[in-house]
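**Student:**
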Amino acid sequence: MADRSPAPDTPELRERWGAFEFTESYRERADAAIARYPEGRQRSAVMPLLDLAQRQVGEETDTQGWLPLPVIEYVADYLDMPVIRVLEVASFYFMYNLKPVGKYHVQVCGTTPCMLRGSDGLFETCKKRGMKKGHVTEDGLWTLTEVECMGNCATAPMVQINDDNYEDLSPERLDAILDELAAGKQPKTGTQIEGKRTSEPQGGPTTLKEMVDANHDYRKEW
Ligand code: FES
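Counting from 23, one number per residue, gives the positions in the sequence shown under our numbering.
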């Protein structure tokens with residue numbers, strides 16, 4: 023289980039993030055998220071606002087973004103919420119980073135289906151590049167986190183890197199993806215098996231075969 027405590031509240035942290043506020047474009051998106059909820063229920067927008075704040079921090083630091091305490095306080099103030107309520111949400115969900123992360127946040131699923139399909143080898147691949155769970159590598163490029171099931175068990179093992187999932191991995195396939203990212207390229211997302219589209223069986227679908235090329239309506243046949 024990764025450490026979910028916030029980064030220490032230091033004078034340096036206050037100095038760097040104490041004046042945080044949404045830029046105009048982030049403010050527009052935050053207000054649009056709030057407007058989805060009925061009057062007086064603006065607190066329901068806490069999750070999208072934390073996500074937006076993390077993304078803005080990411081843009082400002084050229085990383086995947088994180089939530090320093092003053093930023094969490096800013097979101098609480100924006101939504102007129104007690105800070106502890108916002109912190110509870112931020113510390114519960116893994117999508118929020120409570121400590122600085124690298125440009126790429128490599129989240130390797132270590133739950134049973136992924137483990138049985140070789141996630142240990144994926145951790146090894148990461149380790150060979152100097153990644154250590156919960157740390158940013160010296161070049162600022164990578165942070166490794168072990169996560170629980172990400173819902174891609176049918177294409178295990180998988181990793182999520184920033185906003186993308188990479189599935190049907192092997193150590194070599196992950197290595198190639200990390201090489202591409204390090205070179206500033208965007209690797210193919212989803213399954214990494216040549217010829218496979220999504221989570222169909224290897225070798226092609228065995229049922230609902232007409233669905234492969236078109237949205238075939240089976241209802242008439244049932
Ligand atoms: S166990 Fe890894 S995605 Fe479900």
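The beta-carbon is built from N, C-alpha and C at its ideal position, and this holds for glycine as well.
1. Between the Cα of R51 and the Cα atoms of E110, D73, D84 and V181, which residue gives the shortest distance?
2. Is there contact here, the segment 56-63 with the segment 73-83, by at least three beta-carbon pairs under 8 angstroms?
3. Leaving out five residues on either side along the sequence, give the residues of the same chain with a beta carbon under 7 angstroms from the beta carbon of P70.
4. Keeping to the same chain, check which residues put their C-beta closer than 6 angstroms to that of G152; ignore five residues upstream and five downstream.
5. Per DSSP, which one or two residues make a beta bridge with N237?
6. Is DSSP giving E170 helix, strand or coil here?
7. From the DSSP output, in three-state form, read off E232 for me.
8. Excluding the 5 residues preceding and the 5 following P209 in the sequence, name in chain order all residues of the same chain whose CB lies nearer than 6 angstroms to its CB.
9. Note down, in chain order, each residue of its chain lying with its Cβ closer than 7 angstroms to the Cβ of T32, except the 5 sequence neighbours on either side.
10. Judging by CA-CA distance, which residue of L138, G217, V130 and C175 is the nearest neighbour of W164?
11. Give a single yes or no on whether C18 has its beta carbon closer than 8 angstroms to a heavy atom of ligand 1.
12. Quick check: V169 and C148, are their CB atoms within less than 9 angstroms of each other?
13. Give me the Cβ distance between G132 and T85, rounded to the nearest whole Å; I'm assuming they're in contact under 8 angstroms.
14. Given 8 angstroms as the limit, is there contact between the segment 175-187 and the segment 133-142, that is, 3 or more CB pairs closer than that?
15. What do you reckon, are the CB atoms on L101 and A112 nearer than 9 angstroms?
16. What I want to know is whether the C-beta of G173 ends up closer than 8 angstroms to one or more non-hydrogen atoms of ligand 1.
17. Short check: CB of L144 to CB of P28, under 9 angstroms?
18. Among E61, A67, S66 and A75, which residue has its Cα nearest to the Cα of E46?
19. Would you say S141 touches ligand 1, meaning its beta carbon is less than 8 angstroms from a heavy atom?
20. Between the beta-carbon of V234 and the beta-carbon of P223, is there less than 9 angstroms?
21. Express the C-alpha separation of R65 and M103 in angstroms, rounding to a whole number.
**Tutor:** In short:
1. When each option's Cα is compared against that of R51, the closest is D73.
2. Touching, no.
3. Excluding residues within five positions, the ones whose Cβ falls inside 7 angstroms are A55.
4. Excluding five sequence positions before and after G152, the CB atoms of its chain that fall closer than 6 angstroms to its own CB belong to T159, given in chain order.
5. Bridge partners of N237 according to DSSP: none are assigned.
6. Look at E170 here: in three-state DSSP terms it is coil, with no helix or strand label.
7. Secondary structure at E232: helix, using DSSP grouped into helix, strand and coil.
8. If you ignore the 5 residues before and after P209, its C-beta comes within less than 6 angstroms of the C-beta of I199 and E202, all in its own chain and listed in chain order.
9. Cβ neighbours of T32 within its own chain (closer than 7 angstroms, five residues either side excluded): none.
10. Ranking L138, G217, V130 and C175 by Cα distance to W164 puts V130 first.
11. Since the first and last residues shown for the chain are 23 and 244, residue 18 lies out of range.
12. Judged by beta-carbon spacing, C148 lies beyond the 9 angstroms limit of V169, meaning their Cβ atoms are not closer than that value.
13. So it is not a contact: roughly 23 angstroms between Cβ atoms.
14. Between the segment 175-187 and the segment 133-142 there are three or more inter-stretch CB-CB distances shorter than 8 angstroms, so the stretches are counted as touching.
15. Taking 9 angstroms as the Cβ cut-off, L101 and A112 do not qualify as a contacting pair.
16. Yes, the beta carbon of G173 sits closer than 8 angstroms to at least one heavy atom of ligand 1.
17. No, the Cβ-Cβ distance between L144 and P28 is not below 9 angstroms.
18. Closest option to E46, Cα to Cα, is A75.
19. S141 has its CB nearer than 8 angstroms to a heavy atom of ligand 1.
20. Contact: no.
21. Computed Cα separation, rounded: 7 angstroms.
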